[in-house]
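Colleague: Residue numbers (our numbering): 62 to 500. A virtual CB, placed ideally from N, CA and C, is assigned to each residue, including glycine. Structure incoming, see below.
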Amino acid sequence: MKDIKTIIQILPEIYSITKDIENSLNSDSSYSNSDDIKLKISMIYQNLEQLFGELPNNLNLLNEINIENILNWKNSILIYVFKQSFEYLKSIYTNFNISPAQINASEIKLFLQISNKLNMDSTTNALLLIFLSELCRTSDPTLSFNLIMEAFEIKPDLGTILGATHLKNYIYNSEIINQQKKIKNCTVCGGQGIPFHNAPSYKMINYNHNFLPAKLWMKCTKCNNLYSQHFPLKFSFRKNPLKIIYPQQNQTQNLTPISSYILRDWCNILQNLKQFTKGKQILEIGIGNGELIATALEMNYDIDCVEIEEDVAQKISNLLECQIICCDFIDLPENKQYDILFMGDVLEHIDDPKKGLKKAYKLLKNDGVLWISTPNYESSFNKLHKTSTALWNEPWHITYFNKNGLENLLTDLGFNILDYRISTHYNGSMEVIVNKKQG
Ligand SMILES: [Zn+2]
């Protein structure tokens, strides 16, 4: 497959030429000998050979041109084009380095109209919809979203056909749409959003049946930040009472491989922060695999941490023999303030980042610093990788900022921007350091 755009354009063309031939044959059977019909057929051949190389035998020039042969031949040609498209689909399914050309909605609708006339089986039809959804992710996000949803509606076990191991036993349940929280306004400023990008969330290894297979990103017309239109209700209203997790010894540990590169990176981040504060008291919100806690302990910092997931908290507590507070950080008591506050990859997970940052402000000493990392949807990395970046597909994310969007919000909340860096932990993320505006 060389050029997907040409395929989308050529299909209606082939359809209209074959329709022409069909009509002419219907009205005059002697037409089958005319030079005109031969010319038209050879035009189709030329076009297809340019796209796909030599054609298979069943598509060879017809020995006898009559209406029945023409009808069979037309169907074979069109299905052949679809099959070639599926080969391309497979490559974009497995290969994150491909960002397909974006086609406008009218061309895709024409393609759909023709495919509807072919009586395809549900598998072929669903694969076609998935394929087309890739071609309008940014050019018509709503259409792209509807195409993925329809594909899973007509073929609930589509995941098994797409061949990814995490979808091996996945059966789509059409009720899932009713189990979503529909986010109607911008999660940052409350403004109105317009569809911006649709992503095939089902592709992600951490996708599960609570999420919709498609993720529609809305862009706020007021602050330019992005928010996910849907998020599972199940994960929206979790309230765990605060609990202190203590290390449990004599337990077999399941170790996650940690690269020393990440630890060195945390060391560099802590060293960089020394120019802004000499303080030693750290609070980390969301502990990941415990890399920062381990590095901070090595560098003789005094670190508290809060984690919402109890099993994560217990695991890291056992490993590093430290206490961890288990709760939503919003519920953290405000009786202690910190020199350094880490909010690494937190903001994109919450549907009220303003509330989260206000809480951070309260937990920070007057001369303390807040370190934030979060995806930047307009980062250099994301611009260079177009639709192929995992950021779009990530089912668990709700809010995305760009550099100005995050900095404007921080400034509005009384912070002062000190530093901006490109993350080396996560592709396409930014790292921002702020302190409280003085006076
Ligand atoms: Zn907004």
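(1) Could you give the DSSP three-state label for His-446: helix, strand or coil?
(2) Give the secondary structure of Asp-81 by DSSP, where H, G and I count as helix, E and B as strand, and everything else as coil.
(3) With 8 Å set as the bound, which would you pick, yes or no: does the beta-carbon of Ser-90 sit closer than that to a beta-carbon of chain C?
(4) According to DSSP, what are the bridge partners of Lys-276?
(5) Could you have a look at Arg-482 and say whether DSSP puts it in helix, strand or coil?
(6) Considering just the uninterrupted stretch of the beta strand (DSSP E) at Pro-202, what are its terminal residues?
(7) Could you check whether Asp-406 and Gly-347 sit closer than 8 Å to each other, using their CB atoms as the reference points?
(8) Name the two residues that bound the continuous beta strand (DSSP E) containing Glu-368.
(9) Along the beta strand (DSSP E) that carries Cys-247, what are the first and last residues, could you check?
(10) Please classify Thr-356: does DSSP put it in a helix, a strand, or coil?
(11) Taking 5 Å as the limit, tell me which residues put their C-beta closer than that to any heavy atom of ligand 1, in chain order.
(12) Excluding the five sequence neighbours on either side, which residues of its own chain have a C-beta within less than 6 Å of the C-beta of Ala-357, listed in chain order?
(13) Could you give the DSSP three-state label for Met-104: helix, strand or coil?
(14) In its own chain, which residues sit with a C-beta less than 8 Å from the C-beta of Gly-466, not counting the 5 before and 5 after it?
(15) Confirm, please, whether the CB-CB distance from Asn-259 to Phe-206 is below 8 Å.
(16) Could you give the residue range of the beta strand (DSSP E) that holds Ile-266?
Modeller: Checking against the coordinates, here is how it stands:
(1) helix
(2) helix
(3) Chain labels in this structure do not include chain C; a single protein chain is all it has.
(4) Ala-260
(5) strand
(6) Not the beta strand (DSSP E): Pro-202 falls in the alpha helix (DSSP H), residues 202-215.
(7) yes
(8) Note, Glu-368: beta strand (DSSP E), 363-368.
(9) No residue range can be given for Cys-247, since it is assigned to no beta strand (DSSP E) and is classified by DSSP as neither H nor E.
(10) helix
(11) Cys-247, Val-249, Cys-250, Gly-252, Cys-281, Lys-283 and Cys-284
(12) Ile-343 and Ile-364
(13) helix
(14) Val-249, Cys-284, Asn-285 and Asn-286
(15) yes
(16) Element bounds for Ile-266: n/a, residue is neither H nor E.
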